[in-house]
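Undergrad:
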Amino acid sequence: MSETSTHSQPKEQKKQRSFPERLSFGAAIFIVGFLIFLILYQWRVQEDEPPLLSITVEREIRQFGSQFYVPFTVYNIGGQTAKSVQVLGELKIEDENIQQGGEQQIDFLSGGEKASGAFIFTHNPEDGTLIIRVASYKLP
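Quick note on my numbering: the sequence shown kicks off at 666 and runs consecutively.
1) Going by DSSP, which residues form a beta bridge with Thr794?
2) Looking only at its chain, what residues have a beta carbon closer than 6 Å to the beta carbon of Ala800, apart from the 5 residues adjacent to it on each side?
3) Is it right to say Val735 is buried, meaning 16 or more other beta carbons lie within 10 angstroms of its own, or is it exposed?
4) Which one of Thr787, Gly744, Ala780 has the shortest CA to CA distance from Tyr706?
5) Exposed or buried, which one is Ile785 when buried takes at least 16 other CB atoms within 10 Å?
6) Which ranges would you report for the beta strand (DSSP E) in the segment 700-726 if only whole runs of at least 3 residues count?
7) Could you pull out every residue in the same chain whose Cβ sits closer than 7 Å to the Cβ of Ser731, ignoring the five residues on either side in sequence?
8) Can the beta-carbon of Ile720 be found closer than 7 Å to that of Phe702?
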């Protein structure tokens with residue numbers, strides 16, 4: 666009987682990555698790391714800032730029939746989220762009582778976010794003093 670010699674197969678050699686593969690992998694790791702850094706930095710810097718709410722009223726008042734629509738936009742330029750943002754609209758015309766334009770409730774306004782809406786009046790807001798303001802909010 667003759668012994669059959671078996672050649673052992675050499676261990677699999679590690680496949681060497683080419684320079685473009687290593688370069689693209691390094692760039693991808695750098696980008697992911699940079700994005701994580703930016704997210705953590707923004708979270709840390711804006712974490713302590715309370716909601717700062719500002720409101721702008723569009724000058725273009727639309728009239729449909731006997732109703733006047735006054736659009737507005739609320740901005741949260743602060744860091745924290747504002748919940749249940751209450752916006753009030755009032756119209757005061759000389760020799761008349763204040764006409765309540767109503768109340769708007771914005772459920773959720775995170776930092777850097779904006780929300781828009783409109784108040785509806787039965788009198789022309791250009792004939793009096795229009796007051797649209799943020800009245801209150803809650804912290805989540």
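Glycine residues also receive a C-beta, built at the ideal position from the N, C-alpha and C atoms.
TA: Inspection of the coordinates gives the following:
1) Lys757
2) Gln751, Leu753
3) buried
4) Gly744
5) exposed
6) 718-722
7) Thr787
8) no
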